[in-house]
Amino acid sequence: MKVAPLFHSPHRLLVGDAPLVGVLDLPSSASNYERPPIRLFFPATTVSPKPRRVKQARYFVNNRVSYVLQGFAHIALARHTTKLYRFIVRPLMWMVSLFFPVRFLKIPDTALVTTKKDDSPVRYAPLNNSNKSKSQSLIMFSHGLTGTGEENALFCTALAKRGYVVACIHHRDGSSSRVPMPDGTCKFYEHLPNGDDYSPNHRLEQVSFRAKEFLYATKWLLGEEQGGDDYDHPILQQIRPKLDTKKVIASGFSYGSTTCSLAATAQPNRFQCAVFLDGWFHVDYSSKGYLYNFPPEAFGEDWPNGANNGNERSHVIENKEGLTIPSIFINSAQFEGYEKLYAATTTLANNINSHNKHDSTIPESKLHVIPNTKHQNFCDVGFWLPKVLLRRLGKLLALGDADVLEASENILDLTLKFLKQF
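So my numbering is basically just the index in the sequence shown, starting at one, shifted up by 55.
Written out as structure tokens, the structure is:
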């Protein structure tokens with residue numbers, strides 16, 4: 056009698072020609088404060104002739120599940136500065152983490168690479184088998200609001216399995232639930248002021264900071280910026296000569312889509328195309344008079360009245376055409392149901408197509424909706440917990456009725472079909 060697995064298995068997602076996917080965690084460095092933490096996924100093979108023991112990567116860096124739970128507890132239960140948090144919530148999260156299911160899970164077909172520069176069990180293995188330099192595509196990925204650089208590990212692993220190098224950034228602007236800082240401290244999510252104290256500046260300036268991190272991390276990986284303890288890591292030395300500066304792809308989930316759309320608007324010649332997963336492209340705080348497309352620069356628009364101390368536009372972006380690179384928009388059914396958000400997403404796709412309509416060589420930008428999905432179907436949440444818990448907690452976790460694995464396959468298939476056009 057065959058027993059059904061307790062968890063959704065991601066093996067069907069991880070199909071590709073790469074023997075393994077190397078995972079290199081690059082923390083913030085005090086010697087290069089500008090670079091955010093990066094989790095790098097790359098096609099790999101074992102070191103020969105005497106391969107070292109290969110250790111599979113976990114969903115979270117150093118398997119620190121308690122840190123992730125503490126971050127979410129700070130958002131949902133109590134601020135990390137309160138006594139309630141320090142004496143009750145934090146110890147409770149440590150205890151829960153000892154038995155939290157994802158603690159015992161590993162990402163299939165991966166090999167964890169440590170920051171010890173002489174101790175890598177694998178090496179970078181480009182799939183094109185070409186000795187020609189500058190032939191490797193690089194995907195830069197930005198996480199969502201309250202998220203971390205670890206919540207889309209399966210999506211990144213699946214792309215690396217098919218030959219892409221993927222860099223997932225962990226932002227330090229206060230939008231992450233919890234992020235380690237270069238000085239050894241941690242920065243928790245910054246709650247926005249309510250009521251009359253609300254200012255549209257916060258999100259606009261925050262996404263500008265995130266876009267700067269996104270662009271700096273891109274240049275750092277390409278070797279255009281230097282510095283930091285890990286800059287000369289052997290794996291990076293193997294990858295950098297192969298990276299093609301004309302084959303850089305911007306990608307992100309939710310607020311990460313906002314981030315990379317702003318980065319690509321600022322430097323359109325830097326990115327070949329973009330992949331937006333359930334993007335957040337509209338801010339609706341109409342009760343306070345704030346209603347605008349987000350980020351305004353990607354739409355070729357000015358900042359809303361009352362933002363940026365009266366200045367019409369961000370001082371960072373000079374491009375007034377808006378986002379112009381070919382893009383794919385993959386949305387949840389939940390976000391399709393938000394009329395103003397969906398209209399803004401449609402407008403952005405139409406703007407891109409209108410800009411590129413006279414060049415038949417540029418692929419069309421399209422918007423797709425995955426049926427019966429919600430926002431968290433675009434993260435790894437559905438693979439962290441047993442199926443029985445998902446059935447009971449699905450709505451609480453913002454998971455739709457769609458099968459977790461099938462939804463992930465649809466997202467990945469649409470992404471790959473789009474990328475094959477370049």
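The beta-carbon is built from N, C-alpha and C at its ideal position, and this holds for glycine as well.
* To do: Please check the pair N432 and E419, which I expect to be a contact at CB under 8 Å, by giving their CB distance rounded to whole angstroms.
  => That belief does not hold up - the Cβ atoms of N432 and E419 are roughly 25 Å apart, past 8 Å.
* To do: List the whole-angstrom C-beta distance separating T314 from Y244, where the pair is believed to meet the contact cut-off of C-beta under 8 Å.
  => At roughly 16 Å, the Cβ-Cβ gap does not stay under 8 Å, so T314 and Y244 are not in contact.
* Since G199 and S309 are thought to touch, with beta carbons under 8 Å apart, how far apart are those beta carbons, to the nearest angstrom? -> 3 Å
* Asked: Quick one: is F154 buried, meaning 16 or more other Cβ sit within 10 Å of its Cβ, or exposed?
  -> exposed
* Asked: How long is the line joining the alpha carbons of A399 and D287, rounded to whole angstroms?
  -> 42 Å
* Check I466 in the structure and name its three-state DSSP category. => helix
* Indicate the three-state DSSP secondary structure (helix, strand or coil) for Q191 in the structure shown. => strand
* Asked: Between which two residues does the beta strand (DSSP E) carrying Y347 extend?
  -> Y345 to N348
* Compute the Euclidean distance between the alpha carbons of N364 and D228, then round it to the nearest angstrom. => Since pLDDT at N364 reaches only 49, below the 50 mark, its modelled position is unreliable, and the value read off the structure follows with that caveat. About 20 Å.
* To do: Compare the C-alpha of W358 against each of V177, R178 and E260 and name the closest.
  => E260
* Output the boundary residues of the alpha helix (DSSP H) element that contains N405. => E394 to N411
* A405 burial status per 10 Å Cβ neighbour count (16 or more: buried) -> Looking at the sequence itself, residue 405 is Asn, so the reference to Ala does not match. Exposed.
* To do: Could you please give me the residues that DSSP links to Y340 through a beta bridge?
  => Y345
* Measure the alpha-carbon distance for L467 versus L474 and round it to whole angstroms. => 11 Å
* Once you ignore the five residues that flank F326 on each side, which residues in its own chain have a CB closer than 6 Å to its CB? -> V303, A305, A319 and I380
* Going straight from the alpha carbon of H410 to that of E352, what length do you get? -> 15 Å
* To do: With I304 as the anchor, note down where its beta strand (DSSP E) starts and where it stops.
  => L298 to F308
* Asked: The alpha helix (DSSP H) with I130 in it runs from where to where?
  -> V120 to A131
* Count the C-beta pairs between the stretch 234 to 244 and the stretch 333 to 341 that are closer than 8 Å, then say yes if the count reaches three, no if not. => no
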